[in-house]
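**Q** There's a structure below that I have some questions on.
In my numbering, the protein residues as written are 1 to 281.
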């Protein structure tokens, strides 16, 4: 079924994975709203898309760590397109030096948790906007109110000792998608995450990518786009984690319960939490 006429909201849509996703969607006739910190790049990209005339493209400057800026951009996207069908919280940054490494320092230095703010908190904020909006929409002809496509990382289930805050953020995204993604389909909403290995974007340095390329270890962007594409339309998968590597894709399931007691307790916790997520009028 054609995707033409649908609309998407993409954070980090002016570069890297977000830009590739926006291009893919636009070529299918999907209107795209590019929310990006780099206003110049977002405007140039939106203008280029609009020249093609296959759909509509709009943009806004957004610091995704700022809730008010995120809300403003989301409202503008709804005003521009009437509704949003697909949401992609893709904006992200890499690991930063999060605390002092000097044992001779005095006093207490607050940690830099900006990686957590952008790679986890902003993702949750964007998902919150998406879900609230989707709940106000009727089911479409394919039986959905809307779909959310997160970008996590292989750091969301592997442990990288020197990337602790980035790893914590991506574990958070993975856990959120696995849990809430299993709850939302009853409302006609799906939530999944793509977890790429090393993809050549602006998140890391060119010399690191060169080292990966020499060893043929870069993950092709097209592999990510193939998964994103497969989740469009009538696909009902939700709560899924897709690991995308240099030479393949694998669905990563959550760990199995340790024993019967744990399985029973997980079911009890699920029932206990239901009241927090009951949709009210």
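The beta-carbon is built from N, C-alpha and C at its ideal position, and this holds for glycine as well.
If you draw a straight line from the alpha carbon of residue 249 to that of residue 184, how long is it in whole angstroms?
**A** The residue labelled residue 249 in the question sits at position 249 within the chain shown. The residue labelled residue 184 in the question sits at position 184 within the chain shown. Going by the C-alpha atoms only, they are around 24 Å apart.
**Q** Expressed to the nearest angstrom, what Euclidean distance is found between the alpha-carbon atoms of residue 162 and residue 127?
**A** Taking the first residue of the chain shown as position 1, residue 162 is located at position 162. Taking the first residue of the chain shown as position 1, residue 127 is located at position 127. Spanning the two alpha carbons is a distance of roughly 28 Å.
**Q** Sorry if obvious, but does the Cβ on residue 20 come closer than 8 Å to a heavy atom of the ligand ATP?
**A** Annotation note on the ligand ATP: not contained in the displayed structure, which lists no ligands.
**Q** Tell me residue 243's beta-bridge partners as DSSP assigns them.
**A** For the purposes of this step, residue 243 is taken as the residue at position 243 of the chain shown. Its beta-bridge partners are 195 and 250.
**Q** Mind the definition here: the stretch 145-153 touches the stretch 200-220 only if three or more C-beta pairs lie below 8 Å; say whether that holds.
**A** They do not touch, by the three-pair rule.
**Q** Indicate whether residue 63 and residue 93 have their beta-carbon atoms separated by less than 9 Å.
**A** For the purposes of this step, residue 63 is taken as residue 63 along the chain shown, with counting starting at 1. For the purposes of this step, residue 93 is taken as residue 93 along the chain shown, with counting starting at 1. No.
**Q** Give every residue of the same chain whose Cβ lies closer than 6 Å to the Cβ of residue 38, excluding the five residues on either side of it in the sequence, and list them in chain order.
**A** Against the chain shown, residue 38 aligns to sequence position 38. Within the same chain, residue 38 has close Cβ partners 14.
**Q** From residue 141 to residue 112, what distance separates their C-alpha atoms?
**A** Here residue 141 refers to the residue found at position 141 when the chain shown is read from its first residue. Here residue 112 refers to the residue found at position 112 when the chain shown is read from its first residue. Each residue's Cα considered, the two are about 46 Å apart.
**Q** Quick check on residue 77 - is its C-beta less than 9 Å from some C-beta in chain C?
**A** Among the protein chains of the structure shown there is no chain C, as only one such chain exists.
**Q** Would you mind giving the Cβ-Cβ distance between residue 195 and residue 154, rounded to the nearest angstrom? I have them listed as a contact below 8 Å.
**A** Start at 1 with the first residue of the chain shown, and residue 195 comes out as number 195. Start at 1 with the first residue of the chain shown, and residue 154 comes out as number 154. About 5 Å separates the two Cβ atoms, so the contact holds.
**Q** Can you tell me which of 190, 170, 164 and 178 puts its alpha carbon nearest to the alpha carbon of residue 256?
**A** Stepping through the chain shown from its first residue, residue 256 is reached at position 256. The shortest C-alpha separation from residue 256 is found at 178.
**Q** Let's test the definition: count the other Cβ atoms within 10 Å of the Cβ of residue 107 and tell me whether it reaches 16, buried, or not, exposed.
**A** For this step, residue 107 is matched to residue 107 along the chain shown. Counting Cβ neighbours within 10 Å, residue 107 comes out exposed, since fewer than 16 surround it.
**Q** Taking 9 Å as the cut-off, decide whether the C-beta atoms of residue 17 and residue 32 are in contact.
**A** Locating residue 17 in the chain shown gives position 17, counting from the first residue. Locating residue 32 in the chain shown gives position 32, counting from the first residue. No, these two residues do not count as a Cβ contact at 9 Å.
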